[in-house]
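Report on the structure given below.
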Amino acid sequence: MTHKPSRIILCVFALLFISQLPFFSTQAQQAMTTENFTPENNPELLIILSPQYKNDTEIHTAIQAYITAVKNDLGWKSTIIAIQEKENDYQQIDTLIETSNQNHTVKACIMVGEDLSTPLGGDTDYLEQPSTLPWATLGGTTAYEYTDQGIISKPTMIQICISLLYPPQQLPYEQKKASLLFAFHKFTTQRHPTSQNTIRIFESSDLNTYSKTIYQKLSDCSILQYTEDATTQEITSSLTTPYTAFFVHGHSNPSGTDVNAQKNTGWFPAENLNTIQTPLFGADGCYAAGWWSTQKDNNKLDGSIDATWYGAKIFTSTSIQVMALGLLSQNGFSTPVSFIQNAMPELLAGKTLAEAMIGDSTIGDTIIIGDPTFHFSI
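Quick note on numbering: the sequence shown equals residues 913 to 1290 in this note's numbering.
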């Protein structure tokens, strides 16, 4: 696919600004709506269920099975918050998250449903990106700023790990529902992936002046298979080998990444995620964290319309538990804001993804898709 100059401009723009069916708890099956919501049990995990899915018994059952698995695995308590239609505003949702975190126990929050009101992170040429900054930070709007392009961040600290589970909006309801059931079943039954002790990295040479060093630093924690300017054959050959983690870095759009500086030589399509054998995938590049939309530059986040986007593959891959999408090897700041620098070493040491990210500095350029309780069995 071609890469439009405006997409690159938006990346530069971001750098310049840097700056209800009821819900249930694991211990009390009390029917409550968000209208009379009060935090209880000091949960570590919140699951925000969108209005579209709030009354679906099968989805609630799948989530309850996942909650039980998380409890048995990590000892975490969880709460489902089913969002009423009148509360479906990202700032009101943020208030609910912060209200449930009065004792500062919440570590992660899964946002379930593409109809949730989600802040805009970027908008240009039918390419749109969500922002999780209002939900990942505490204290209201002080951690981020508004522009015509959406919400941006000054370097700030992640206080809650936010993960998205958003099926492509254009799919029929039953297909979206099946996608969510598949994902929660996967997160429930595949809780202890064993590290294969090898990380696979494909990176384009025209972007890796500084990031190459950041990626290669992971050799302190794991064996690396690093390829610069990979060919299509090298990409294809990698798809049958199990890896601890798999990263691609280059000029990106929602459907893939160029991992070769020479055009039409090393395109990594999102469809490859249905084949690769890894529990953790990362796409590093402008708009890797976004999706296609029918609207052009309308200054609001529109629903995803294309099942080819990276984030949709959490619902089709049998092995991927979680994805990190965005500018993962970001650098050039006095404080490291790179997902690779900040989160990966602790994740590889056995922490959950949420625990590895909390306390890290960010400029809001990384989106998590999938299970924030993911961890390796060390």
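Virtual Cβ for every residue (Gly too), placed ideally from N, Cα, C.
Owing to the predicted nature of the structure, the values given are computational and were not obtained by experimental measurement.
Inside the stretch 955-1025, DSSP marks whole beta strand (DSSP E) runs of 3 or more residues at positions 957-961, 990-994, 1020-1024, from first to last along the chain. For Ile-993 against Pro-1284, the beta-carbon gap comes to about 15 Å, at or over 8 Å, which does not count as contact.
With respect to Val-1018, Ile-1072 sits close: the two C-beta atoms are nearer than 7 Å. Leu-1032 and Gln-1102 have their C-alpha atoms some 32 Å from each other. Following the DSSP letters along the chain, one finds Ile-1147 inside the alpha helix (DSSP H) bounded by residues 1144-1150. Taking a C-beta distance under 7 Å as the contact criterion, Ala-1236 and Gly-1178 do not qualify as a contact pair.
The Cβ-Cβ distance between Glu-1026 and Gln-1081 falls below 7 Å. As computed with DSSP, Gln-1137 is found in a beta bridge with Arg-1112. Shown here for Ala-1266: same chain residues with a beta carbon closer than 7 Å to its own, the five before and five after excluded, namely Lys-1019, Ala-1020, Cys-1073, Pro-1284, Thr-1285 in chain order. Separation of Phe-1193 and Thr-1011 (C-alpha to C-alpha, rounded to the nearest whole angstrom) is 32 Å. C-alpha of Ile-1270 to C-alpha of Ile-1070: approximately 5 Å in a straight line. Burial state of Asn-967 is exposed, judged by a 10 Å Cβ sphere holding fewer than 16 other Cβ atoms. The stretch 1165-1175 makes contact with the stretch 1131-1151, as at least three CB pairs between them are under 8 Å.
Taking the CA atoms as reference points, Asp-1214 sits about 40 Å from Ile-1290. Taking 7 Å as the cut-off, the Cβ atoms of Gln-1242 and Asp-1277 count as close.
Taking 7 Å as the cut-off, the beta carbon of Lys-1129 is found no closer than this to the beta carbon of Ala-1182. Of all C-beta pairs linking the stretch 1204-1214 to the stretch 1242-1260, fewer than three are shorter than 8 Å, placing the two stretches out of contact. Listed in chain order, the non-local C-beta contacts of Phe-1227 below 8 Å within the same chain comprise Pro-1079, Ser-1091, Leu-1092, Phe-1094, Ala-1095, local neighbours out to five positions each way being set aside.
Secondary structure of Tyr-1222 (DSSP, three-state): helix.
At the C-beta level, Ile-1188 and Phe-1158 come within 7 Å of one another. Secondary structure of Asp-1277 (DSSP, three-state): coil.
DSSP places Pro-1042 in the strand class (E or B) of the three-state scheme.
Judged by DSSP in its simplified three-state form, Pro-1257 adopts helix. For Lys-1088, the closest alpha carbon among the candidates Leu-1259, Tyr-965, Ser-1116 is that of Tyr-965. The Cβ neighbour count for His-1016, taken over all protein chains shown within 10 Å, is under 16; the residue is labelled exposed. Spanning the alpha carbons of Gly-1262 and Ser-1134 requires a straight line of approximately 13 Å. The continuous stretches of alpha helix (DSSP H) do not include Tyr-1122, and DSSP gives it neither H nor E. Going by DSSP, Ala-1236 is part of the beta strand (DSSP E) stretching over 1234-1238. With 16 or more other Cβ atoms inside 10 Å of its own Cβ, Lys-1098 counts as buried. DSSP places Gln-1128 within a helical segment (H, G or I) once states are collapsed to three. In the DSSP annotation of this structure, the continuous segment of the beta strand (DSSP E) that includes His-1161 starts and ends at 1157-1161. Per the coordinates, the alpha-carbon of Lys-989 lies some 9 Å from the alpha-carbon of Thr-980. Separation of Thr-1110 and Gln-1004 (C-alpha to C-alpha, rounded to the nearest whole angstrom) is 42 Å. Between the alpha carbons of Asn-1013 and Thr-1106 lies a gap of roughly 32 Å. In the DSSP assignment, Phe-1180 forms a beta bridge with Thr-1169. Under DSSP, Leu-1050 shares a beta bridge with no residue.
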